[in-house]
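Trainee: Numbering-wise, numbering that gives the first Met the number 0 puts 187 at position 188 of the sequence shown, and it's gapless, one number per residue.
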Amino acid sequence: MAIISKKLNLGSTGIAARGTGTLSKDSYLLIEVTALNFNENETTATVKYSLYGKSSKKRTVTASIDRNDLKTVKESVSVGTSLGMVLTTTETITTQNGSISTIADADLSYTVKGDYIDSEYSITTNGTFWSKTTNLITPGKLGTDRPYIFNFDEEKTYTFSKSSTYKLIFRNSAKEEAFTYDIEGTSATFAIPSSVFTKYGNITTLAVKEYNSSGETIAQVIYTVNVTETSCTVSVNASRTDDAGNVELLLSGKTARASESRTISIYAKETNASEWTLVKTLSPETAAFSKVSASITLSMDYAWDIYAVLEDGYTSAESDKVRIYSKEYIMDVRTDGKGIAFGGTAVNENELYCGWGTFRANGIQGDTIKALKTLTVGTDDEEIDVKQKLQELIEKISVIGTRYYANKSTKVSKTGIDTFTEGAAITVPPGTYVVTAQWIFDTGTTTDTRNMEVNIYNKTRDEKIAIERVYAAKKNYAVLNISTVLYIDEDSNLMVRGSSSIASSDNAKTWIRAVRIA
0 MAIISKKLNL GSTGIAARGT GTLSKDSYLL IEVTALNFNE NETTATVKYS LYGKSSKKRT
60 VTASIDRNDL KTVKESVSVG TSLGMVLTTT ETITTQNGSI STIADADLSY TVKGDYIDSE
120 YSITTNGTFW SKTTNLITPG KLGTDRPYIF NFDEEKTYTF SKSSTYKLIF RNSAKEEAFT
180 YDIEGTSATF AIPSSVFTKY GNITTLAVKE YNSSGETIAQ VIYTVNVTET SCTVSVNASR
240 TDDAGNVELL LSGKTARASE SRTISIYAKE TNASEWTLVK TLSPETAAFS KVSASITLSM
300 DYAWDIYAVL EDGYTSAESD KVRIYSKEYI MDVRTDGKGI AFGGTAVNEN ELYCGWGTFR
360 ANGIQGDTIK ALKTLTVGTD DEEIDVKQKL QELIEKISVI GTRYYANKST KVSKTGIDTF
420 TEGAAITVPP GTYVVTAQWI FDTGTTTDTR NMEVNIYNKT RDEKIAIERV YAAKKNYAVL
480 NISTVLYIDE DSNLMVRGSS SIASSDNAKT WIRAVRIA
């Protein structure tokens, strides 16, 4: 019995034929899917082709079937006045998307001898040179917006491209059948219960099977999905209360909905210690929980680090570490080691903080660090004014990155490579600078060929500092850039200058920039 069948009538006359002759257009090609084999990622179909023929006069004819695999089966057969099967052949078709289609043709023909020329008569499935594609199985498919990443107990809607009878089969990574759902029509909404996760774990594939009216499987399509349980997450907030040593905790998080129990373990250690100590455990009643309170006792003589670990039998999670401080601060170090404080808390990154008003060490004394009043370093014979030195250092540092900039449009009217026109200029104080400049030449015509030069010039010292020269052959436009590192020990007028072997008739655009680096 065929699972799927299609009939193609031989209703057309062959291209070279004079007509159908005695051949009946009741003749047809029957295409049947007789067997289907479903593997994980492909479908294999057994397809049978049967040619049925009829003639108003019993005669011998040539019968042929062109199969999907481009093979032709041809035989000389007898056709009678009653419709009967005259030729059959079978092939196997494999597909990865569940669809089964075939390109098949069939024809019946015979020839009558003539005195001068023979006459050919034939009937065919389509009567053209072009093959005819016949869709045997077109499975209902899920759209591209199908659910593929979601959690257990989360309702999702599955919508198919056509109305039919479907079975959805969800499997885990071990290919175990974990959950099935039957759909009649085009869509359904449902959730995969978390109890499935308890037994099978996460779901990784979805197989969709489609059935015909006889309950036979006619198509199967495999989809990749990722159905998971909620992974553990936990956060903790800690604060001291008015009671000596008492620390109040607020814990929030979530676990797998399938979990029957969950445990939070709370660990603490002094900030300078290396070993963590389990100080409390508790068990939230629900899978998701918020601001569950708990109290622990930690000495007020020290600062403490605290974190929590949540476990539900499936996954586990660790919270960020939080810190509570002692009543009096002697020394405090940031958890990440990037800050330290004396007489206060290490709040800021990359900072050494002193919360006491007076600072004193060997050979170093002062009224207060914040004011830096009369702070001195040295011996009785030689004192160094630290405040003054710090101020001098700050002044030096503060000017680093200072920028000086100017631009100017000018006309290069002088001719000669060594005859310069002054462009943009700046005045800078003593220091070390990165100096960059640009001169844009517009020659006015492409027929000119010239030498051009740009230089950075210290007008105060009448000194050429950096030079860039170019030979422009039949170009009407040239951009020259130049840069240098320059140290000067006096206020100086720096400028960019340009020259051309042929004077330009248009304006030149120039700029100069100096950035102080020391």
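Note that CB positions come from ideal geometry on N, CA and C, so glycine has one too.
Compare the C-alpha of N450 against each of S172, S500 and V220 and name the closest.
Mentor: Out of S172, S500 and V220, S500 has the C-alpha closest to the C-alpha of N450.
Trainee: Which word fits A173, buried or exposed, when buried means at least 16 other C-beta atoms lie within 10 angstroms of its C-beta?
Mentor: Its Cβ having fewer than 16 others within 10 Å, A173 is exposed.
Trainee: Please name the residue or residues paired with S75 in a DSSP beta bridge.
Mentor: BP columns for S75 point to T61.
Trainee: Let me check understanding here. Comparing Cα to Cα, which of I464, S55 and N134 lies closest to G523?
Mentor: The displayed coordinates of the chain run from 0 to 517. Any statement about residue 523 would go beyond what the structure contains.
Trainee: Check whether the stretch 186-194 and the stretch 61-72 are in contact - that is, three or more C-beta pairs closer than 8 Å.
Mentor: Cβ pair count under 8 Å is below three, so no.
Trainee: For T223, count the other beta carbons within 10 Å of its own beta carbon; 16 or more makes it buried, fewer makes it exposed. Which is it?
Mentor: It is exposed - the Cβ of T223 has fewer than 16 other Cβ atoms within 10 Å.
Trainee: Looking only at C-alpha atoms, which of N492, T88, Y165 and T156 sits nearest to K530?
Mentor: In this structure the chain extends from 0 to 517, so residue 530 is not present and cannot be described.
Trainee: Does the stretch 134-149 touch the stretch 242-261, meaning 3 or more C-beta pairs lie closer than 8 Å?
Mentor: No contact exists between the stretch 242-261 and the stretch 134-149.
Trainee: Please determine, among A513, Y157, A286 and A15, the residue with the shortest C-alpha to C-alpha distance to A255.
Mentor: Among A513, Y157, A286 and A15, the Cα nearest to that of A255 is on A286.
Trainee: Quick check: what's the CA-CA separation for E421 versus R460?
Mentor: Going by the C-alpha atoms only, they are around 15 Å apart.
Trainee: Bridge partners for D25 per DSSP, in chain order?
Mentor: BP columns for D25 are empty, so no partner.
Trainee: Spell out the partners DSSP gives Q437 in its beta bridges.
Mentor: Paired residue(s): N480 and W510.
Trainee: On the three-state DSSP scale, how would you describe K53?
Mentor: In the structure shown, K53 sits in coil (DSSP, three-state: anything other than H, G, I, E or B).
Trainee: Using three-state DSSP, classify S397 as helix, strand or coil.
Mentor: In the structure shown, S397 sits in a helix (DSSP, three-state: H, G or I).
Trainee: Using DSSP bridges, identify the partner residues of V453.
Mentor: Paired residues: E467 and G497.
Trainee: Tell me the rounded alpha-carbon separation between K53 and V226.
Mentor: If you take the alpha carbons of K53 and V226, they lie about 58 Å apart.
Trainee: Counting Cβ pairs closer than 8 Å, one from the stretch 9-20 and one from the stretch 108-121, do we hit at least three?
Mentor: The answer is yes - the stretch 108-121 touches the stretch 9-20, with three or more Cβ pairs under 8 Å.
Trainee: Which whole-angstrom value is the C-beta distance of G497 and V453, which I expect to be below 8 Å?
Mentor: Contact holds; Cβ gap of about 5 Å.
Trainee: Just to confirm, are T61 and S100 a CB contact at a threshold of 8 Å?
Mentor: Contact flag unset, no.
Trainee: Exposed or buried, what is F189 when buried is set at 16 or more other beta-carbons lying within 10 Å of its beta-carbon?
Mentor: That one is exposed.
Trainee: Looking at the strands, I want to know which residues DSSP matches up with G46.
Mentor: What sits at residue 46 in the sequence shown is Val, not Gly. Paired residues: V32 and E90.
Trainee: Could you check what DSSP says for T204 in three-state terms: helix, strand or coil?
Mentor: Strand at T204.
Trainee: Checking 8 Å against the spacing of the C-beta atoms, do K395 and T509 come in under that value?
Mentor: Not a contact, by the Cβ cut-off of 8 Å.
Trainee: F178 lies in the beta strand (DSSP E); which residues open and close that run?
Mentor: Unbroken beta strand (DSSP E) run through F178: E176 to F189.
Trainee: Alpha carbon to alpha carbon, what distance is there between A424 and A513?
Mentor: Distance between the alpha carbons of A513 and A424 is about 10 Å.
Trainee: Note down the Cα distance separating I122 from S98, rounded to an integer number of angstroms.
Mentor: Those two C-alpha atoms are separated by around 29 Å.
Trainee: Within its chain, find whatever has a CB closer than 6 Å to the CB of E183; leave out the 5 residues flanking it on each side and keep chain order.
Mentor: Cβ within range, chain order: T164.
Trainee: Mind checking N171: buried by the 16 CB within 10 Å criterion, or exposed?
Mentor: Result: buried.
Trainee: Under the three-state reduction of DSSP, which class applies to V195: helix, strand or coil?
Mentor: In the structure shown, V195 sits in a helix (DSSP, three-state: H, G or I).
Trainee: Could you check if A95 is buried or exposed, using at least 16 other CB atoms within 10 Å of its CB as the buried criterion?
Mentor: Looking at the sequence provided, one finds Gln at residue 95 rather than Ala. It is exposed - the Cβ of Q95 has fewer than 16 other Cβ atoms within 10 Å.
Trainee: Please determine, among S412, K410, T435 and T33, the residue with the shortest C-alpha to C-alpha distance to I2.
Mentor: Answer by Cα proximity: T33.
Trainee: My output table needs one value for E350: the three-state DSSP class, helix, strand or coil.
Mentor: It is a strand residue.
Trainee: Contact defined as beta carbons within less than 8 Å: I believe I295 pairs with E39. What is the distance between those atoms, to the nearest angstrom?
Mentor: About 53 Å; that fails the 8 Å criterion.
Trainee: Give me, in chain order, the residues of the same chain whose beta-carbon lies closer than 6 Å to that of M84; leave out the 5 immediate sequence neighbours on both sides.
Mentor: The residues are S49 and Y51.
Trainee: Between the alpha carbons of V291 and I265, how many angstroms are there, rounded?
Mentor: Near 13 Å, if we compare the C-alpha coordinates of I265 and V291.
Trainee: The ligand PLP and F149: does any heavy atom of the ligand fall closer than 7 Å to the residue's C-beta?
Mentor: The model on display carries no ligand, and the ligand PLP is accordingly not part of it.
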